[in-house]
Every structure is written in C-alpha cells, then in structure tokens.
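Novice:
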Amino acid sequence: MLWGTDGKKFFVDSLGLCFAVIDHFNDEIIAWHICKHGTRWTVMEPVKAAGKNGIQKP
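In terms of this note's numbering, the sequence shown opens at residue 248 and continues consecutively.
#1: Taking only three categories from DSSP, how would you classify Gly251?
#2: Between which two residues does the beta strand (DSSP E) carrying Val268 extend?
#3: Who are the Cβ neighbours of Lys295 in its own chain at under 7 Å, not counting the five residues just before and after it?
#4: Expressed to the nearest angstrom, what Euclidean distance is found between the alpha-carbon atoms of Thr286 and Ile269?
#5: Where does Lys304 fall in DSSP's three states?
Okay, here's the thing in structure tokens:
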C-alpha cells in the first residue's frame with residue numbers, strides 16, 4: 248500500500264486547510280483533518296488517524 252498526504256485550501260465558509268491521507272492504489276481517502284492554520288504538526292493528524300484506523304483490506 249502506498250500512502251501520500253496532500254494539503255488543499257478550502258474557500259467555502261473560510262474552513263482553512265484540509266490535509267488528507269490518500270491510498271494511491273484506489274484513490275480512497277483514508278483520513279483527513281481540517282484546520283485554520285497548517286503547521287508541521289497538523290499535517291501529521293490524518294496520518295495518526297489513518298494508523299489508528301488500521302489498514303482496511305477489500
């Protein structure tokens with residue numbers, strides 16, 4: 248399994264940044280985190296959540 252992270256800005260209702268962990272095999276979003284100010288620590292929040300949820304096998 249190959250995971251990657253990507254940060255995107257949301258302009259709707261001033262939500263801020265959304266960081267997601269994506270399974271690049273099937274383009275499934277494994278975990279995500281929305282915050283007003285992105286830092287090196289907030290980037291890791293969805294990675295931690297993905298690790299806690301475990302790997303789902305089809």
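Ideal Cβ placement from N, Cα and C applies to all residues, glycine included.
Specialist: So, from the data block:
#1: Sequence index remark: in the sequence shown, residue 251 carries index 4 (1-based). Collapsing the DSSP output to three states places Gly251 in a strand.
#2: Sequence index remark: in the sequence shown, residue 268 carries index 21 (1-based). It spans Gly263 to Asp270 - the beta strand (DSSP E) in which Val268 sits, taken as one unbroken run.
#3: As a working note, residue 295 is residue 48 in the sequence shown. Same-chain partners within the cutoff: there are none.
#4: The residue given as residue 286 occupies position 39 in the sequence shown. The residue given as residue 269 occupies position 22 in the sequence shown. Answer to the nearest angstrom: the Cα atoms are 19 Å apart.
#5: Here residue 304 corresponds to residue number 57 of the sequence shown, with the count starting at 1. Any reading at Lys304 is ruled out, since the residue's pLDDT is 49, under 50, leaving its predicted position unreliable.
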